[in-house]
Structure formats: C-alpha cells, structure tokens
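First up is the structure itself, then whatever we jot down about it.
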Amino acid sequence: MTFLVQQHADATDLHELRRRILRNNDPAISVHDSRDLDDDAIHLSIVRDELVVVCGSLYSSHSPLDDAVASYQLRYMAADESVRGSGGGRALLERAGDIVRTRGVEHLWANARDSALGFYLATGWTTVSGSEHLSKETQLPHTVVVKSLRKK
Ligand SMILES: CC(C)(COP(=O)(O)OP(=O)(O)OC[C@H]1O[C@@H](n2cnc3c(N)ncnc32)[C@H](O)[C@@H]1OP(=O)(O)O)[C@@H](O)C(=O)NCCC(=O)NCCS
C-alpha cells in the first residue's frame, strides 16, 4: 500500500486521532501539547477519505543519549485500527526522518509504550537500557527508544 504523508501547520488537525487512539477517546483529557505551536514542531499525518488515520508529532529536544546531539522527540504516534499493520506508521516515520535530517538532526527519540515496542524495533529504533518507566499521563509502562539518523 502506498501512503502519502502530509505535513500540518496546525496540530489540532491531529487531535481527534490522538484522543481516540491514545487517550481512550476521553473528551475530558487534553491532547494539546505545550510545544504544538513551536515554530520548529512538525505535525505529520496520513489521510484517508478526508480522515486522519495515522499521526505523529515531533518536537526539537535534547537526545536522552547525548545532550550535544541535535535531536527531536516523537510523540502522539497513532494509527487508526482500520489501517494498522499496513505500513502507514513506517511511512510516517520515514518522512519524519527525511524532514529532520535536513535540519541536521542525528537522533529521534520517544517514550514508547511497551505494547508498541515491536513497532519501534521493526523500524530501526533501539531501547535505552534502564529507561523503563510508567507514564505520568497514562500510567502505562513505557521505555525510551532512540533512532540514529546518521548515515552508515
Ligand atoms: C504503534 C502503531 C502506531 C504502529 O502503526 P502501524 O501503521 O500499525 O505500523 P506499520 O504497519 O507501519 O508497522 C511497521 C512494522 O511494525 C510492526 N508493528 C506495528 N505495531 C506493532 C506492535 N504494536 N507490536 C509489534 N510490532 C508492531 C509491524 O508488524 C511492521 O513490521 P514488519 O514491517 O516487519 O512487518 C499502531 O499500532 C498504533 O496506533 N498502536 C496504538 C497506539 C500506540 O501504541 N502508539 C504508540 C505510542 S508510543
């Protein structure tokens, strides 16, 4: 399946999918991130039938491995159940890597839900040893994952 990954100026386009997939569709929980409006924030999606079916946002941030390395944090990575497992998440991450590489970024990192670790491992990320923790927002087990964007 081919996916067209779009970039959004406004993160609110992604809020419905963020809330539905990542916050149990709870209308009482805010899915706004304080960094959403940063000039260097990146909001990506895949749209099908005018609905956002895959989303992810990236924010300029220190690498958990090395403060001196230019890095972005990936957050709110989600795919609608109707498209899961068909390569949309991978396509979005590839586009994210292409965009941030042009900004001189060497690391992507994320707090990965343990239930999604297989996704990150399948797409070239590695876990940070000893980083296992419970998310303050969801109370779900997470592990820090990092992807090096350096050319091999
Ligand atoms: C994690 C998620 C975004 C992946 O999106 P997706 O579009 O289904 O992923 P893809 O189809 O591009 O999968 C890429 C690879 O990861 C694997 N993968 C995807 N999700 C996985 C999971 N939860 N566990 C193990 N492997 C997974 C796929 O099998 C595929 O492997 P392959 O290329 O070797 O066949 C999606 O499953 C999701 O929204 N999950 C619920 C929300 C969530 O946990 N988000 C992450 C928060 S950190």
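Read left to right, the sequence shown gives residues 20 to 171 (our numbering).
Every residue, glycine too, gets a C-beta built ideally from N, C-alpha and C.
- Judged by DSSP in its simplified three-state form, Ser101 adopts helix.
- With respect to the 8 angstroms criterion, Leu33 and Ser53 are not classified as neighbours on the basis of their beta carbons.
- In summary, Ile40 is buried, with 16 or more beta-carbon neighbours lying within 10 Å of its beta-carbon over all protein chains present.
- Bridge pairing for His27: His62 [DSSP].
- Taking one beta carbon from each stretch, the stretch 116-131 and the stretch 81-91 have 3 or more pairs nearer than 8 angstroms; the two touch.
- Counting C-beta pairs with one atom in each stretch, the stretch 100-107 and the stretch 65-73 have three or more that are closer than 8 angstroms, which means they touch.
- Assigned with DSSP and collapsed to three states, Gly75 falls in strand.
- DSSP places Ala129 inside the beta strand (DSSP E), whose first and last residues are 126-132.
- Going by DSSP, Val164 is part of the beta strand (DSSP E) stretching over 160-167.
- The C-beta of Ala115 has 16 or more other C-beta atoms within 10 Å across all chains shown, which makes the residue buried.
- In this structure, DSSP gives Leu153 an extended state, which the three-state scheme calls strand.
- Burial state of Leu23 is exposed, judged by a 10 Å Cβ sphere holding fewer than 16 other Cβ atoms.
- Taking a cut-off of 7 angstroms from the heavy atoms of ligand 1, the residues with a C-beta inside it are Ile40, Leu41, Val73, Met96, Ala97, Ala98, Val102, Arg103, Gly104, Ser105, Gly106, Gly107, Gly108, Arg109, Ala110, Ala129, Asn130, Ala131, Arg132, Ser134, Ala135, Leu136, Gly137, Phe138, Ala141, Thr142.
- Going by C-alpha positions, Val102 is about 25 angstroms away from Tyr78.
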